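Student:
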Amino acid sequence: MPNCVIPADELHRLMDRLVKSRAVMGSRERPDQPGYYAFDWLQSPEQFVLDYVTTTIPPKKAFFPPTETLFTFSLSDPPEFNTVREQTPFILAGVHPCDLAAIDCLDQAYSHPPADARWKVNRERAIIIGVDCMPDEYCFCTAMDSCTARKPSDLFLTKIDRGYMVEIHSSAGERLLAEVHRTEPQKQDFADTRRWHEEKMNRALAKFNVGIARFADILEAGGLADIWHQVAERCYSCGSCNTTCPTCFCFDIKDDFNLNLTGGIRRRTWDSCQLLEFALVAGGHNFRRDRWQRVRHRWHRKFLYLYRQFRRPYCTGCGRCSRACTADINIVDISNQIIAYSQQGASDA
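In the working numbering, the protein residues as written are 9 to 357.
1) Rounded to a whole number of angstroms, what is the C-alpha to C-alpha distance between K310 and R211?
2) Once DSSP output is grouped into helix, strand and coil, what is the label at Q95?
3) Could you tell me whether the Cβ atoms of W300 and A240 are closer together than 8 Å?
4) Does the distance from the C-beta atom of T334 to that of S82 stay below 8 Å?
5) Is I226 near I342, with beta carbons less than 8 Å apart?
6) Can you tell me which of the three DSSP states A357 falls into?
7) Looking at D115 and P66, is the spacing between their C-beta atoms short of 8 Å?
8) Can you list, in chain order, the residues of its chain with a C-beta nearer than 7 Å to that of W278? Leave out the 5 residues immediately preceding and following it.
9) If you check the beta carbons only, do Y44 and R36 fall under 8 Å apart?
10) Inspect the beta-carbon positions of T77 and I261 and report whether they are closer than 8 Å.
11) Could you have a look at M33 and say whether DSSP puts it in helix, strand or coil?
12) For the putative contact between W204 and V303, defined by C-beta atoms under 8 Å, what is the C-beta separation to the nearest angstrom?
13) For the stretch 159-218, which segments carrying the alpha helix (DSSP H) assignment without a break, of at least 4 residues, lie completely within its bounds, in sequence order?
14) Measure the alpha-carbon distance for C323 versus T62 and round it to whole angstroms.
15) With which residues is S82 paired in a DSSP beta bridge?
16) Pull up the DSSP beta-bridge partners for R38, would you.
17) When the Cα atoms are used, what is the spatial distance from T201 to D144?
18) Give me, in chain order, the residues of the same chain whose beta-carbon lies closer than 8 Å to that of M33; leave out the 5 immediate sequence neighbours on both sides.
19) Ordered along the chain, which non-local residues of its own chain (more than five positions away) have a Cβ less than 7 Å from that of D24?
20) What does DSSP give as the partner residues of E76 in its beta bridges?
21) Could you give the residue range of the beta strand (DSSP E) that holds K262?
22) Looking at E192: is its Cβ nearer than 8 Å to the Cβ of C12?
23) Helix or strand or just coil, what does DSSP make of F311?
24) Among the candidates D140, I111, A151 and T96, whose CA atom is the shortest distance from the CA of R222?
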């Protein structure tokens, strides 16, 4: 499908029509914290913000809420179960390339047998509008090869002098533009788009000092206990890194009974492998009781285990974990320390 160009005021009119006609979750400034942004339901097009670096919580919340009711149950004879499932179609707007890549990661992980049916249903309800962005000092999307991600967006916007270059990636995206005044891109529009991309690449200064394939080999080789213990001495095991991560997909399931114990609600909530009780099993055994083990597991999960399984890192370089860390642990800095430590070991040998 060909690209097109729409003026900025036409995009505003499009968002006005969408907000009035259907549910739209979009990037907007947090009313409780001006200067910070979140994906939330829009009541007006004025709330929609395109010029932002990152949101506090990633847009995976649209498909995998932090807390989600799975079903209600009654302990009658026979027991009764009533599935709770939202079915309303919606639009997710303002998603950056790193978050698009993260949704694609989760599509892959949640479709792996046994597939997660709820994720699939929630994904099928949504049309996604992506938008390009400019990184800050925490972003390392170029190192994770996510800086130009488009999948799984239906439309993707890049700011240019004449408004926005619009890439159309699906028939659903094409239908959204049915009433939009658009023009064919001109030579200067493509030049503006290239200039945006070049500036983005130049601004993304945080990088890994080796490629991801080599980094996975380093982690797999081991011998990094000193690094894990050093990081663990700083880590509070608060789980902020996981709960802000766009590719983490672990959850816990709990049953809440009503007061007369005749029924209740089953819910699932986001969980974090950095919490002490995450690997606690029946009998009181904890497979990762020590903090350094949990720290190591996080790096292995992002850059080794899932990389070997799906041939991609389960990190997209958004930098949320480093921004959110209460101990100021920066994932790029620590990863480069690991790389330097392994290279020092090789030279000593």
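We treat Cβ as the ideally placed atom computed from N, Cα and C, and that holds for glycine.
These numbers come from a predicted model, not from an experiment.
Tutor: According to the structure data:
1) 24 Å
2) coil
3) yes
4) no
5) no
6) Low local confidence applies: a pLDDT of 37 at A357 is under 50, so the model's placement there is unreliable, with the coordinate-based value given in what follows. If DSSP states are grouped into helix, strand and coil, A357 belongs with coil.
7) no
8) P74, T251 and F259
9) no
10) no
11) strand
12) That pair is no contact at about 37 Å.
13) 179-184 and 195-211
14) 15 Å
15) E88 and G271
16) Q41
17) 19 Å
18) F47, D48, W49, L50, P67, A70, F98, I99, L100 and A101
19) P53
20) R276
21) F259 to F265
22) yes
23) helix
24) A151
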